[in-house]
Amino acid sequence: MSADSIVKLKDIGKIYDTGVEALKDVNFEFPVGKLSTLLGPSGCGKTTLLKIIGGLIDATSGEVWVNGKPISGPGPDRAFVFQDFALMPWATILRNVAFGLELRGVPKDERLDIARKYIKEVGLEGFESNYPHQLSGGMRQRVGLARALTVDADIILMDEPFSSVDEQTRRKFQEDMLDLLQNRRKTVIFVTHRIEEAAYLSDLIVLLSARPGSVSQVIKPDIDHSGKCPDEIRRDKNYLDIIDNIWRELKVYLC
Amino acid sequence: MGVSSIFPPISSILMVASTVLSSEKFIKAIEISLRTFALGMTLALLVGIGLGALMARVKTVREILGTWVNIFVSAPISALVPILMGILGIGEATVVATVFLFAVFVIILDTQVGISKADRSLVEMGHSFGANRYQIFTKILILSALPEILAGIRLGVIRGVKGVVIGQLLISIIGVGELFELYSKHFLMEEFWSLVIVVFAFALLLSEAIAYCERRVEYYAGSR
Numbered sequence: 001m002s003a004d005s006i007v008k009l010k011d012i013g014k015i016y017d018t019g020v021e022a023l024k025d026v027n028f029e030f031p032v033g034k035l036s037t038l039l040g041p042s043g044c045g046k047t048t049l050l051k052i053i054g055g056l057i058d059a060t061s062g063e064v065w066v067n068g069k070p071i072s073g074p075g076p077d078r079a080f081v082f083q084d085f086a087l088m089p090w091a092t093i094l095r096n097v098a099f100g101l102e103l104r105g106v107p108k109d110e111r112l113d114i115a116r117k118y119i120k121e122v123g124l125e126g127f128e129s130n131y132p133h134q135l136s137g138g139m140r141q142r143v144g145l146a147r148a149l150t151v152d153a154d155i156i157l158m159d160e161p162f163s164s165v166d167e168q169t170r171r172k173f174q175e176d177m178l179d180l181l182q183n184r185r186k187t188v189i190f191v192t193h194r195i196e197e198a199a200y201l202s203d204l205i206v207l208l209s210a211r212p213g214s215v216s217q218v219i220k221p222d223i224d225h226s227g228k229c230p231d232e233i234r235r236d237k238n239y240l241d242i243i244d245n246i247w248r249e250l251k252v253y254l255c
Numbered sequence: 001m002g003v004s005s006i007f008p009p010i011s012s013i014l015m016v017a018s019t020v021l022s023s024e025k026f027i028k029a030i031e032i033s034l035r036t037f038a039l040g041m042t043l044a045l046l047v048g049i050g051l052g053a054l055m056a057r058v059k060t061v062r063e064i065l066g067t068w069v070n071i072f073v074s075a076p077i078s079a080l081v082p083i084l085m086g087i088l089g090i091g092e093a094t095v096v097a098t099v100f101l102f103a104v105f106v107i108i109l110d111t112q113v114g115i116s117k118a119d120r121s122l123v124e125m126g127h128s129f130g131a132n133r134y135q136i137f138t139k140i141l142i143l144s145a146l147p148e149i150l151a152g153i154r155l156g157v158i159r160g161v162k163g164v165v166i167g168q169l170l171i172s173i174i175g176v177g178e179l180f181e182l183y184s185k186h187f188l189m190e191e192f193w194s195l196v197i198v199v200f201a202f203a204l205l206l207s208e209a210i211a212y213c214e215r216r217v218e219y220y221a222g223s224r
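Chains as they are written, first to last, in my numbering: chain A, 1 to 255; chain B, 1 to 224.
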């Protein structure tokens, strides 16, 4: 394992009980402190792979190594952000955000203080005592992000976090997320099927082939976020070229 | 004797009611009824929610008990009370058992449904943050199934009230059953009807109280 990688996938394969082969011989090392995106055609096993890294699904073959050790399930070094938010409808925003810490047995006052801090950071101050159904989709996913941040895991796994969020909200949320992650040296593994999103957010794009999924190409967008306003980046030639390249690559699987 | 002696005017029922309600016999009957009801319901809640949860989570348990629970939930349990009397004797134990049997099956069924259709992604979320089996159950599954469990409890309580009355009627020497028997045999219709009103009101009040809790729960479970 090279020094700067934090998650290592060794020959990961997954065959579902139904006989469907979702993943085959997936080998990859995710660099520490970077935002890597798993991008691929729908049904290529992106989410399955993310859940295997999260320890939520067992791989049929192969191993996942995190921080130099093979994993056998979920662990405190990884926090998950879910596509459907997975918020408890009976609990307030405050309790939802503190839930990861609650499960770890952190004393109530302490965990609520931490939760309040992150609620503020994701921009939901004032909504602590609201319930999830009183919030919009975008706000709910901010709760999901805050919950993942409270447990202070090295690695944050995000499963299409913006897919149930409308376009305007999504752009603002993407900026905010980059801001939040910038100074924390978090390693983020991000699943999406949106090429623009991958190109805009990622340090590294891992293109997966169609089923059974495996790594077909690795792209480094190398987009300079500092000092530029987001709309400038979206008109950047480099950015548009990358989107074009990825599209050409993915088109193969569509016909 | 005319209809008016069987259905006396409400004014005379209410007049008698105050003396009935304060009579020692009535207070004692209510005491016994409430005690046996509370005991039977507590058992039904514990066993009902426990078994329902087990059936939802463990396939073998579901396969063994599923058919039986479905038979008993629709069976006329009153027919079994004489047998209970034979086993448990003519006394409070039989009434407790009757309340239990009346209430438990619908609670089992509703709990099972609630837990089996609990949100999978919440369970996955719990696992991802390191929850153990106990935490998954107490912090996610039970709360996720609360609307169904409460519906089961409400139906169970309504059946339990029937159970306590029918049990005592069939035994007819304790509690409100004894009073019903006494009043109807001696044709004390005012007393009889005031007792009916009390029992009906009790059942309705309990059911409404639980329905109120249900609405509160439905309110925040609205986004499920």
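Yeah, the Cβ is synthetic: ideal placement off N, Cα and C, and Gly gets one too.
Computed from a predicted model, the values in this text were never measured in an experiment.
To the nearest whole angstrom, what separates the beta carbons of B/Val99 and B/Phe37, a pair I think is in contact under 8 Å? Reading the second sequence from its first residue, position 99 is the one you call residue 99 of chain B. Reading the second sequence from its first residue, position 37 is the one you call residue 37 of chain B. That pair is a contact at about 6 Å.
Let me know the beta strand (DSSP E) ranges lying completely inside the segment 100 to 152 of chain B, each 3 residues or longer, listed in chain order. For the segment 100 to 152 of chain B, not a single whole beta strand (DSSP E) run of length 3 or above is found.
Proximity of A/Ala79 and A/Ile6 at Cβ, strictly below 8 Å: The sequence position of residue 79 of chain A within the first sequence is 79, counting from 1. The sequence position of residue 6 of chain A within the first sequence is 6, counting from 1. Against a cut-off of 8 Å, the Cβ pair of A/Ile6 and A/Ala79 comes out as no contact.
Rounded to whole angstroms, what's the CA-CA distance from B/Leu46 to A/Thr92? Just pull it up for me. Residue 46 of chain B sits at position 46 when you count from the first residue of the second sequence. Residue 92 of chain A sits at position 92 when you count from the first residue of the first sequence. Each residue's Cα considered, the two are about 28 Å apart.
Under three-state DSSP, which class holds A/Thr18? On the first sequence, position 18 is the one that residue 18 of chain A refers to. In the structure shown, A/Thr18 sits in coil (DSSP, three-state: anything other than H, G, I, E or B).
Cut-off 7 Å between Cβ atoms - residues of its own chain near B/Ser144, not counting five sequence neighbours on either side: As a working mapping, residue 144 of chain B is identified with position 144 in the second sequence. Cβ neighbours of B/Ser144 beyond the five flanking positions: Ala118, Asp119 and Leu122.
From A/Gly54 to A/Glu21, what distance separates their C-alpha atoms? Here the question's residue 54 of chain A lines up with position 54 in the first sequence. Here the question's residue 21 of chain A lines up with position 21 in the first sequence. The alpha-carbon atoms of A/Gly54 and A/Glu21 are separated by roughly 19 Å.
Which residue spans inside the segment 40 to 83 of chain A form an unbroken alpha helix (DSSP H) run of at least 4? If we require 4 residues or more, the alpha helix (DSSP H) runs fully inside the segment 40 to 83 of chain A come out as 46 to 54.
Test item: CB-CB of B/Gly175 and B/Val95 under 8 Å: Your numbering for residue 175 of chain B matches position 175 in the second sequence. Your numbering for residue 95 of chain B matches position 95 in the second sequence. A contact, by the Cβ cut-off of 8 Å.
Own chain, CB closer than 6 Å to B/Glu92, minus 5 neighbours either side, in chain order: Within the second sequence, numbered from 1, the residue matching residue 92 of chain B stands at position 92. Listed in chain order, the non-local C-beta contacts of B/Glu92 below 6 Å within the same chain comprise Thr36, local neighbours out to five positions each way being set aside.
Ordered along the chain, which non-local residues of its own chain (more than five positions away) have a Cβ less than 7 Å from that of A/Val32? Position 32 of the first sequence, counted from the first residue, corresponds to residue 32 of chain A. Excluding positions up to five away in sequence, the list reads Asp4, Ser5, Ile6 and Thr187.
Would you give the residue range spanned by the alpha helix (DSSP H) that A/Ser129 belongs to? What you label residue 129 of chain A is simply residue 129 of the first sequence in a count that begins at 1. Per DSSP, A/Ser129 is not a residue of any alpha helix (DSSP H), being assigned neither H nor E.
CA-CA distance, B/Ile171 and B/Ile90? Along the second sequence, read from residue 1 onward, the residue named residue 171 of chain B stands at position 171. Along the second sequence, read from residue 1 onward, the residue named residue 90 of chain B stands at position 90. Roughly 6 Å separates the two Cα atoms.
For the candidate residues A/Ala115, A/Pro161 and A/Ile223, whose alpha-carbon lies nearest to that of A/Ile189? Position 189 of the first sequence, counted from the first residue, corresponds to residue 189 of chain A. Ranking A/Ala115, A/Pro161 and A/Ile223 by Cα distance to A/Ile189 puts A/Pro161 first.
Beta-bridge pairing of A/Ser36 - partner residues as DSSP gives them: As a first step, residue 36 of chain A must be located in the first sequence, where it is residue number 36. For A/Ser36, which the question treats as bridged, DSSP gives the partners A/Ile189 and A/Leu204.
Does the segment 36 to 56 of chain A come within contact of the segment 123 to 136 of chain B, defined as at least 3 CB pairs closer than 8 Å? Yes: the two stretches touch, three or more of their Cβ pairs being nearer than 8 Å.
Would you mind sorting B/Gly50 into buried or exposed? The rule is 16 or more other CB atoms within 10 Å of its CB. Indexing the second sequence from 1 puts residue 50 of chain B at position 50. Answer is exposed; the Cβ neighbour count stays below 16.
Hey, is the segment 68 to 88 of chain A in contact with the segment 135 to 147 of chain A, meaning 3+ C-beta pairs nearer than 8 Å? With a cut-off of 8 Å, the segment 135 to 147 of chain A and the segment 68 to 88 of chain A count as touching, because enough Cβ pairs lie within range.
Might you give, ordered along the chain, the residues of its own chain that have their beta carbon closer than 7 Å to the beta carbon of A/Val191, omitting 5 neighbours on each side? Here residue 191 of chain A is taken as the residue at index 191 of the first sequence, counted from 1. If we look at A/Val191 and ignore the five residues flanking it on each side, its Cβ neighbours are Leu38, Lys46, Thr47, Leu50, Met158, Asp159 and Glu160.
Looking at the structure shown, is A/Glu29 part of a helix, part of a strand, or coil, going by DSSP? Taking the first sequence and counting its residues from 1, the one referred to as residue 29 of chain A is at position 29. Strand.
Taking just the CA atoms, how far does B/Gly167 sit from B/Ile83? Taking the second sequence and counting its residues from 1, one reaches residue 83 of chain B at position 83. Taking the second sequence and counting its residues from 1, one reaches residue 167 of chain B at position 167. Taking the straight line from one Cα to the other gives about 12 Å.
Within the same chain, show all residues whose beta-carbon is closer than 7 Å to that of A/Cys255, passing over the 5 residues directly before and after it, in chain order. Along the first sequence, read from residue 1 onward, the residue named residue 255 of chain A stands at position 255. The pLDDT assigned to A/Cys255 is 48, lower than 50, so where the model puts this residue is not dependable; a value taken from the coordinates is nonetheless given after this. For A/Cys255, where only same-chain residues beyond five positions count, there are no Cβ hits under 7 Å.
Nearest-angstrom Cα separation, counted from A/Leu207 out to A/Asn245: Residue 245 of chain A sits at position 245 when you count from the first residue of the first sequence. Residue 207 of chain A sits at position 207 when you count from the first residue of the first sequence. So the two alpha carbons sit approximately 11 Å from each other.
Given a threshold of 16 other Cβ atoms within 10 Å of its Cβ, counted over all protein chains shown, does B/Ala201 qualify as buried or as exposed? Here the question's residue 201 of chain B lines up with position 201 in the second sequence. The residue is exposed, with fewer than 16 neighbouring Cβ atoms inside 10 Å.
From the DSSP secondary-structure annotation, give me the bridge partner or partners of A/Lys217. Within the first sequence, the letter at position 217 stands for residue 217 of chain A. First, the amino acid is wrong: residue 217 of chain A is Gln here, not Lys. A/Gln217 is bridged to A/Leu207.
Using a C-beta to C-beta distance shorter than 8 Å, which residues of chain B count as neighbours of A/Leu38? Position 38 of the first sequence, counting from 1, holds the residue named residue 38 of chain A. Per Cβ cutoff of 8 Å: no residues; A/Leu38 is ~17 Å from chain B at best.
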